[in-house]
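A.B. asks: Per UniProt numbering, residue 1 is the first one in the sequence shown, and the count goes up by one each step.
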Amino acid sequence: MDSSLLDPTLYIVKGMVIMDNDGNRLLAKYFDSVNFPSVKEQKTFEKNLFQKTHRANSEVIMLDGLTVVYKSNVDLFFYVMGSCNDNELILMTVLHCMYDAVSQILRKNVEKRNLLENLDVVMLAMDEICDGGIILEADPSAVCQRVALRGDDIPIGEQTVAQVLQTAKEQLKWSLLK
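Shown next as structure tokens:
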């Protein structure tokens, strides 16, 4: 066996995917252009992955030369992929970080509709966990702190009308309560 395949590397994660209970992609980030050169290969892999895992009650599967760890909740499936030589515990740590961060972002209401409403923040959280296949953060609380953005911190020019009105309502409420 080629010893270069076993050399340690920071590039652990090959992809992170969130799918619904019908096997449709909601959010996906792939970091391996060899196994997944285009969206067509990604979709084919996801379809095969969902068929193998949607009824199984395990947490780890080997598929197409990749180690995949996954978790399901209500109507969502969370997947983290790595090479067949990677440690499953590291991949499981990334999976739990992703799931727990999403759970905190969605206020423990982890389901498809709520995920789609907060897709921008969940996407930011996935970027904070892993970048280019390198694991950046494994603590869900730290991830949530980094992606949390209070309305006070957004410049008024970048706020929506609803955000401006909400801020005005809160300021009026507090001025009346004094």
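Where a beta carbon is used, it is the ideal one built from N, C-alpha and C, also for glycine.
By DSSP, does Phe36 sit in helix, in strand, or in coil?
C.D. replies: Here Phe36 sits in coil by DSSP.
A.B. asks: So, Gly82 versus Val13, is the Cβ gap smaller than 8 Å?
C.D. replies: Yes, they are a contact pair.
A.B. asks: With distances taken from CA atoms, which of Ser58, Asn21 and Ala101 is nearest Phe88?
C.D. replies: Sequence inspection shows Glu at residue 88; the Phe mentioned does not correspond to that position. Comparing Cα positions, the closest option is Ser58.
A.B. asks: Can you tell me which of the three DSSP states Leu136 falls into?
C.D. replies: Coil.
A.B. asks: What do you reckon, are the CB atoms on Phe31 and Phe45 nearer than 8 Å?
C.D. replies: Going by C-beta atoms, Phe31 is not nearer than 8 Å to Phe45.
A.B. asks: Measuring alpha carbon to alpha carbon, tell me which of His54, Glu117, Arg25 and Val39 ends up nearest Lys71.
C.D. replies: Ranking His54, Glu117, Arg25 and Val39 by Cα distance to Lys71 puts His54 first.
A.B. asks: Who are the near neighbours of Asp86 in its chain, counting only those whose CB is closer than 7 Å to its CB and skipping five residues on each side?
C.D. replies: Ile12 and Thr67.
A.B. asks: With DSSP run on the structure shown, which of helix, strand or coil describes Asp152?
C.D. replies: Annotation note: pLDDT 47 at Asp152 (below 50); position unreliable, no value reported.
A.B. asks: Helix, strand or coil, according to DSSP, for Asn73 in the structure here?
C.D. replies: Reduced to three states, the DSSP call for Asn73 is strand.
A.B. asks: Tell me, to the nearest whole angstrom, how far the beta carbon of Val143 is from that of Cys84; I am working on the premise that it is less than 8 Å.
C.D. replies: Actually they do not touch by this definition, with Cβ atoms about 27 Å apart.
A.B. asks: Going along the chain, which residues of its own chain have a beta-carbon closer than 6 Å to the beta-carbon of Gly65, five neighbours each way excluded?
C.D. replies: Cβ neighbours of Gly65 beyond the five flanking positions: Cys84.
A.B. asks: Could you please give the first and the last residue of the uninterrupted beta strand (DSSP E) stretch that includes Asp120?
C.D. replies: That residue, Asp120, is in no beta strand (DSSP E); its alpha helix (DSSP H) goes Leu119 to Ile129.
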